Amino acid sequence: IGPDPTRMGLTAEEQSLFLGLTPNLQEMFQRYHMDYHLQPSFYASAHHSLIGMHVEEAVYAPLYYGYGAPGQYADRTQMVHHIEERILELAPDTVNILVTASPDVIRQRMKDTPHDNAVVQEKDVEQVLQRFQEEYDRSVIPAKFAIDTSTATVDESLAEFVEKIDPLLTDADRTLILVQKAKKAGEWV
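In the working numbering, the protein residues as written are 358 to 546.
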C-alpha cells in the first residue's frame, strides 16, 4: 500500500496547486482537514501532537488566504472555541502550548532559515504574534503554558518544556515514561 500520504508532506508542485485554489476551495479543504482531526479514530492512540491546526487557521486564513474573517462564513475565530471543545471531549488531558519569540528574533530567524512558501510576512510579525496570543488567552483548554524562545537555546527551551509539562502529566503518562525508560535500558520483559 505504501506510506501514508498525509504524513509525507507535499511536493513543490502539489503545494503550488493547493496555493492556487480559490479561497472558497481552500476554506472547504481546511474545514474538512480540521474535521478529520476531530474524529474518534484519530484519537485512538493515547498520545499525539496537533501543531497549529485550528489556531493557525484563525490567525492565517483571514490575513493571508481570504477566508474565515470575523463575520464571514466559517469565521475561524468562532470555530476555535468549538474545535477545542471537541478536542477536550476526545482528549481531556490535552495541553495547549504557545511557543513564541520577540518580533526581532522572528525576523532574524526568517532571514537565517527561510521556508519555502512561508506564510508570515515580515511586516505582519507583530500582528501575527498578537493574534496567537489572543487565541491562546481565549483558549478553553485549561492545561496550557507558554515558552518564549527569544533568548533560549533549543536545549534550554526543551528543559523549560519538561519543567512546565511535568505537573500536567497524568498517571498514565508517567507510567508510559517509566516503561519506555525501562525498555531503553533493557530492563523491560
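By construction, the Cβ of each residue, glycine as well, lies at the ideal position given by its N, Cα and C atoms.
All figures in this text were calculated on a predicted structure; none of them were measured in a lab.
(request) Kindly indicate which three-state DSSP category T532 falls into: helix, strand or coil? (result) helix
(message) Using only CA atoms, which one of L382, G366, A403 and A503 lies nearest to G444?
(response) According to the sequence provided, residue 444 is Ile. The question's Gly does not apply to it. If we check each option's Cα against that of I444, A403 comes out closest.
(request) Would you check if the distance between the CB atom of I498 and the CB atom of S514 is smaller than 7 Å? (result) no
(message) Closest to L525 by C-alpha separation, out of T434, T510 and F502, would be which residue?
(response) F502
(message) Do Y424 and E397 count as a contact pair if the criterion is CB distance below 7 Å?
(response) Note that residue 397 is Pro in the sequence shown, not Glu. Not closer than 7 Å, so no.
(message) Less than 7 Å between CB atoms is the rule here; does T470 satisfy it with respect to chain C?
(response) Absence of chain C from the displayed structure is noted, only one protein chain being present.
(message) Let's test the definition: count the other Cβ atoms within 10 Å of the Cβ of V347 and tell me whether it reaches 16, buried, or not, exposed.
(response) Because the chain is modelled from 358 through 546, residue 347 falls outside the range shown and cannot be assessed.
(message) Please identify the residue among E414, T532 and G366 whose C-alpha is closest to the C-alpha of M385.
(response) E414
(request) Quick one: residues in its chain with C-beta nearer than 7 Å to the C-beta of R388, no 5 flanking neighbours on either side, listed in chain order? (result) A431
(message) Using 8 Å as the cut-off, can you tell me whether the stretch 474-486 makes contact with the stretch 517-535, which would need three or more C-beta pairs spanning the two stretches below that distance?
(response) no
(message) Going by DSSP in three states, I358 sits in which element: helix, strand or coil?
(response) Confidence at I358 is low in this model, with a pLDDT of 48, below 50, so the placement of that residue should be treated as unreliable; the coordinate-derived value is given next. Note: I358 maps to coil in three-state DSSP.
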